[in-house]
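Chemist: A single structure is presented below for examination.
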Amino acid sequence: MLLRGSKLAAFAIALSMSAGYAEPTRALDNRQAQLSKALKTKDYAQLQRLVLSAATPADVKTDLDWLRDQMFGGASSAVAMWYAARLWGVAAPLPAGPGDELRQAAAAAALYTYAAIRIDGTRCADVSAPTGRRETVLAVFRPIWAFVGTLSPEKRARLVDTAVKLDRVTAARRTREGDDAFLCRDGLDEIAYNLKRGTSKAVPTPLGGVGRTIATGGDGTYKPRVVAEKSWKPKAAQLRAELPQTLTLLVSSAR
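Residue numbers -22 to -1, 1 to 233, in mature numbering (1 follows the signal peptide of the UniProt record, and there is no 0), belong to the letters of the sequence shown in order.
Set out below in structure tokens:
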């Protein structure tokens, strides 16, 4: 249902079933150029700002088309994460029928995001960085996991199958290029580095937080450390082999 053809076209088919989108214009083509530039320069903060700035249905569709194509091509897991998030934002309020297809597509993308982070994060010397990314996916996508919990075992199995197959399709590029600039950032190692070389100040604690909150600003020189290929590659291969069981456990416990 979610996976047909070499480019996993059912994601696009599900998306096309939603109404209210305008055809891309030159301005929207320019928007995709901005997204591509942010990805090429690995400016993930700018990528996030661009995706969040989508103000019209046409903007959202343009972003989703671009995010989907980049995800299918094996780009950073940041792209897959934003694709799942934005697609879910479109799908959540829709009625049954087209809405169900879109919600399941978003869930499959969320599972793939989790898988890519788990596998590609083996390159990071600071394991707290990819661990933090995985925890973010589990927390931010709680509405998606709650939806998955309502699906039949057969539909959950199809979501897992889609995510596993997408991982295999994109594995070669991800193995070749890595995702260090996203997955290996914002961990404890970078925080400690910034505390030594940058600045820190107390800021208001967010609603629901406990204790003091300290914001750290580095000097922009931090470079994430990666482990040797002979170390991460066998671990990545093992995690990939275990992926069907890992994702099955995740969807089985979804509530």
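Cβ atoms here follow ideal geometry from the backbone N, Cα and C, with glycine treated the same way. The structure presented is a predicted model; accordingly, all values stated were derived computationally and were not measured.
Less than 8 Å between the beta carbons of residue 96 and residue 204, yes or no?
Modeler: Contact flag unset, no.
Chemist: Relative to the alpha-carbon of residue 99, which residue among 87, 83, 128 and 164 has its alpha-carbon at the smallest distance?
Modeler: Checked all of 87, 83, 128 and 164; the closest Cα to residue 99 is 164.
Chemist: Once the 5 residues before and after residue 153 are set aside, which same chain residues still bring their CB inside 6 Å of it?
Modeler: Cβ neighbours of residue 153 beyond the five flanking positions: none.
Chemist: Three-state secondary structure (DSSP) at residue 99?
Modeler: Three-state DSSP puts residue 99 in a helix.
Chemist: Under a Cβ-count criterion, where at least 16 other Cβ atoms within 10 Å of its own Cβ denotes burial, should residue 108 be classed as buried or exposed?
Modeler: With 16 or more other Cβ atoms within 10 Å, it is buried.
Chemist: According to the neighbour-count rule (16 or more other Cβ atoms, all chains shown, within 10 Å of its Cβ), is residue 52 buried or exposed?
Modeler: By the 10 Å Cβ count, residue 52 comes out buried.
Chemist: Quick check on the burial criterion: 16 or more other C-beta atoms within 10 angstroms. Buried or exposed for residue 4?
Modeler: Answer is exposed; the Cβ neighbour count stays below 16.
Chemist: Thinking residue 121 and residue 87 are a contact (beta carbons under 8 Å), I'd like their distance in whole angstroms, please.
Modeler: Not confirmed; about 14 Å, so no contact.
Chemist: Consult DSSP for residue 115 and reduce its assignment to one of helix, strand or coil.
Modeler: Reduced to three states, the DSSP call for residue 115 is helix.
Chemist: Just tell me which of 159, 138 and 64 has its CA closest to the CA of residue 19.
Modeler: It is 159 whose Cα lies nearest to the Cα of residue 19.
Chemist: Between the C-alpha atoms of residue 209 and residue 74, what's the straight-line distance to the nearest angstrom?
Modeler: Taking the straight line joining both Cα atoms gives about 47 Å.
Chemist: So the candidates are 123, 60 and 85; which of them puts its Cα closest to the Cα of residue 235?
Modeler: No answer is possible for residue 235: it lies beyond the span of the chain, which begins at -22 and ends at 233.
Chemist: Would you say residue 143 touches the ligand NAD, meaning its beta carbon is less than 7 Å from a heavy atom?
Modeler: You won't find the ligand NAD in this model; it holds no ligand whatsoever.
Chemist: Whole-angstrom Cβ separation of residue 142 and residue 225, contact assumed at under 8 Å?
Modeler: That belief holds up - the Cβ atoms of residue 142 and residue 225 are roughly 7 Å apart, short of 8 Å.
Chemist: For the alpha helix (DSSP H) containing residue 36, name the first residue and the last one.
Modeler: It spans 35 to 50 - the alpha helix (DSSP H) in which residue 36 sits, taken as one unbroken run.
Chemist: For residue 23, count neighbouring C-beta atoms within 10 Å of its own C-beta (all shown protein chains included) and say buried if the count is 16 or more, exposed if not.
Modeler: The residue is exposed, with fewer than 16 neighbouring Cβ atoms inside 10 Å.
Chemist: For residue 105, which of helix, strand or coil comes out of DSSP?
Modeler: Three-state DSSP puts residue 105 in coil, outside helix and strand.
Chemist: With 16 as the cutoff for other CB atoms within 10 Å, does residue 197 come out buried or exposed?
Modeler: Counting Cβ neighbours within 10 Å, residue 197 comes out exposed, since fewer than 16 surround it.
Chemist: Using only the alpha-carbon positions, how far apart do residue 219 and residue 79 sit?
Modeler: Rounded to whole angstroms, residue 219 to residue 79 spans 28 Å at the Cα level.
Chemist: Where does residue 199 land, buried or exposed, given buried means 16+ other C-beta within 10 angstroms?
Modeler: So residue 199 counts as exposed.
Chemist: On a CA-only basis, which of 133, 201 and 145 is nearest residue 50? Give me that one, please.
Modeler: Of 133, 201 and 145, the residue nearest in Cα terms is 145.
Chemist: From residue 186 to residue 35, what does the alpha carbon distance come to, in whole angstroms?
Modeler: Model confidence at residue 186 stands at a pLDDT of 43, short of 50, so the residue's coordinates are unreliable; what they give is reported in the following sentence. Residue 186 and residue 35: Cα-Cα distance of roughly 33 Å.
Chemist: Please classify residue 7: is it buried, with 16 or more other beta-carbons within 10 angstroms of its beta-carbon, or exposed?
Modeler: That one is exposed.
Chemist: Under 8 Å by Cβ, that's how I've got residue 127 and residue 46 pegged, so tell me the actual separation to the nearest angstrom.
Modeler: Actually they are not in contact, since the Cβ atoms of residue 127 and residue 46 sit about 25 Å apart, beyond 8 Å.
Chemist: Could you say which of 68, 10 and 16 lies nearest to residue 41 if we only look at CA atoms?
Modeler: Closest option to residue 41, Cα to Cα, is 10.
Chemist: Relative to the C-alpha of residue 201, which residue among 32, 217 and 167 is closest?
Modeler: The shortest Cα separation from residue 201 among 32, 217 and 167 belongs to 167.
Chemist: Pull up the distance between the alpha-carbon of residue 104 and that of residue 110, whole angstroms please.
Modeler: Residue 104 and residue 110: Cα-Cα distance of roughly 11 Å.
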